[in-house]
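Chains as they are written, first to last, in our numbering: chain A, 1 to 198; chain B, 1 to 96.
Cβ atoms here follow ideal geometry from the backbone N, Cα and C, with glycine treated the same way.
On a predicted model such as this, the values are computed, not experimentally measured, just so you know.
Down below is the structure, laid out as C-alpha cells.
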Amino acid sequence: MMEQEKELTKEQSLELITSMINKAKNDIFITGLSALLWGSVVIICSLVTYANYYLNWNILAYIWWLTAIAVVPQIVISIRESKEKKFKAREDDLYGGIWISYAIAIFLFSYLAAAHPIEQVAAIYLTLYGIPTFATGYGRRFKPMLIGGIACWVFAVLSLYTPYPYIMFLLAAGGLLAWFIPGLILRNRYLKAKRQNV
Amino acid sequence: MFKDLNPILHSQLRLAVVSLLITVKEAEFTYLREKTSATAGNLSVQINKLKEAGYIDVAKSFKDNYPRTVCKITPLGVQAFEEYVKDLQAYLNIKK
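Here it is, written out as C-alpha cells:
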C-alpha cells in the first residue's frame with residue numbers, strides 16, 4: 001500500500017513515474033461487445049443474402065436493414081460502457097471520431113448506392129470496413145484488427161473478380177476477421193481483467 | 001547547481017497520482033485508488049493538496065445515485081511535472 005509521505009530517493013521517483021505511466025498506458029477499456037455486434041451483423045447479413053440467392057424469399061431481401069436496427073444495441077452498449085468506465089484515455093476521442101466518421105460514411109454510401117446503383121458495391125464496402133479497423137489496430141498496436149483491416153482491403157480487390165453471390169462470402173470473411181474475431185479476443189481480455197479485479 | 005525537487009510532487013502518493021493523470025485524460029477517484037493501492041483517506045488528502053497547488057482539477061458529481069469524483073491534470077500540473085522530471089534527470093545525470 002502506498003504511503004503519502006514516504007521519503008523517495010531520486011531513483012525511486014523515476015521508477016514510480018515509469019511504473020504508473022505504464023500501468024495507465026496499458027489500461028485499455030474495451031469490452032469487445034461493439035466489435036462482436038457488428039461482426040455478427042455483417043456475417044449474418046452476408047450469409048443470408050447468399051442463401052437468398054437460391055431461396056428467393058422477398059422478406060430476406062431486406063436483411064441489410066439489420067445494420068440500421070443494430071444501431072439501437074450499439075447505443076445501449078456505448079452508454080453502459082461509458083458508465084462503467086473509470087477513466088478516459090487521451091486517445092479515446094480520436095478513436096471515437098474515427099468510428100463515428102466511418103459510421104456516417106457507410107450510411108451515406110448505403111443511401112447513395114440505393115439511390116444510384118453502383119457496380120462492385122462490395123469492394124467499396126470492404127474498403128470502408130478496412131479504414132477504421134486498420135486505424136484502430138495500428139494505433140492501439142492490436143494485431144488482430146490490423147490484420148482484419150488489411151484482410152478487408154485484400155477481399156475488396158478479390159471481390160472485383162468474384163461473381164455474385166459468392167462475393168457474399170468475402171463480405172462475411174471481412175466481418176469475421178475485422179470485427180468478430182478481434183471482438184472475441186477483446187471480450188476474453190476484458191472478462192479476464194474483470195475477474196482479476198473482483 | 002541542482003534545483004530542489006518540487007516538494008508537492010516529491011511524495012510517493014502525489015507523484016503516483018500525477019503520473020497517472022499525465023497519461024490519461026481524466027480519471028475517477030476509484031481508478032486512482034485501484035492503481036495506487038492507497039487508502040481512500042490518504043488519497044483524498046493528497047488529492048486535496050494537489051488541487052490546492054493548482055496541479056489538478058477535481059469535479060464532483062453523482063453517477064447512478066453514487067458520488068463520483070473525477071480528477072484531471074491542469075496545464076500548471078503538466079508544467080510542474082515536466083520540470084520535476086527535468087530536475088530528476090539532472091540529478092541522475094540522464095541525458096536526453
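In the three-state reduction of the DSSP assignment, A/Phe29 falls in the coil class.
Bounds of any alpha helix (DSSP H) do not take in B/Asp4, whose DSSP letter is neither H nor E. In the DSSP assignment, B/Glu26 is bridged to A/Lys88. Under the 9 angstroms criterion on CB atoms, A/Ala156 is classed as non-interfacial with respect to chain B. DSSP places B/Asp57 in the uninterrupted beta strand (DSSP E) bounded by Ile56 to Lys63.
Taking a C-beta cut-off of 8 angstroms against chain A, the contacting residues of the segment 13-31 of chain B are Leu13, Arg14, Leu15, Ala16, Ser19, Leu20, Ile22, Thr23, Val24, Lys25, Glu26, Ala27, Glu28, Thr30 and Tyr31, listed in chain order. The straight-line gap separating the alpha-carbon atoms of A/Ile147 and B/Ala40 is approximately 43 angstroms.
At a cut-off of 9 angstroms between beta carbons, A/Arg90 contacts chain B. Residues of chain B whose Cβ lies closer than 7 angstroms to the Cβ of A/Lys194 do not exist; the shortest such Cβ separation is about 12 angstroms. Taking 9 angstroms as the CB threshold, A/Phe107 stays off the interface with chain B. The Cβ-Cβ distance between A/Ala193 and B/Val24 does not fall below 9 angstroms.
For B/Pro67, the enclosing beta strand (DSSP E) stretches over residues Tyr66 to Ile73. Here A/Tyr53 carries a helix assignment [DSSP, helix/strand/coil]. Going by C-alpha positions, A/Lys88 is about 10 angstroms away from B/Lys72.
Here A/Ile118 carries a coil assignment [DSSP, helix/strand/coil].
Not one beta carbon of chain A lies nearer than 9 angstroms to the beta carbon of B/Lys3. Among the residues facing chain A, B/Val85 is included, as its CB has a counterpart in that chain under 9 angstroms away. Here DSSP, grouped into helix, strand and coil, assigns A/Ala123 to helix. Residues of chain B whose Cβ lies closer than 9 angstroms to the Cβ of A/Ile21 are, in chain order, Ser19, Leu20, Ile22 and Thr23.
According to the DSSP assignment, B/Asn42 belongs to the alpha helix (DSSP H) that extends over Ala40 to Glu52. At a cut-off of 9 angstroms between beta-carbon atoms, A/Phe180 makes no contact with chain B.
With contacts defined as CB atoms closer than 9 angstroms, A/Leu8 and B/Leu15 qualify as a contacting pair. By the neighbour-count criterion, in which a residue is buried when 16 or more other Cβ atoms sit within 10 angstroms of its Cβ, B/Pro7 is exposed. Taken in chain order, the unbroken stretches of alpha helix (DSSP H) that lie wholly in the segment 134-179 of chain A and span 4 residues or more are 143-159 and 167-175.
The criterion of a C-beta distance shorter than 9 angstroms is satisfied by A/Phe180 and A/Ala35.
Taking a beta-carbon distance threshold of 9 angstroms, B/Lys51 does not count as an interface residue toward chain A. Rounded to whole angstroms, A/Thr136 and A/Phe142 show a C-alpha spacing of 8 angstroms.
Here B/Lys63 is exposed, its C-beta having fewer than 16 other C-beta atoms within 10 Å. For B/Tyr91, the chain A residues whose Cβ falls inside 8 angstroms of its Cβ are Lys10, in order along the chain.
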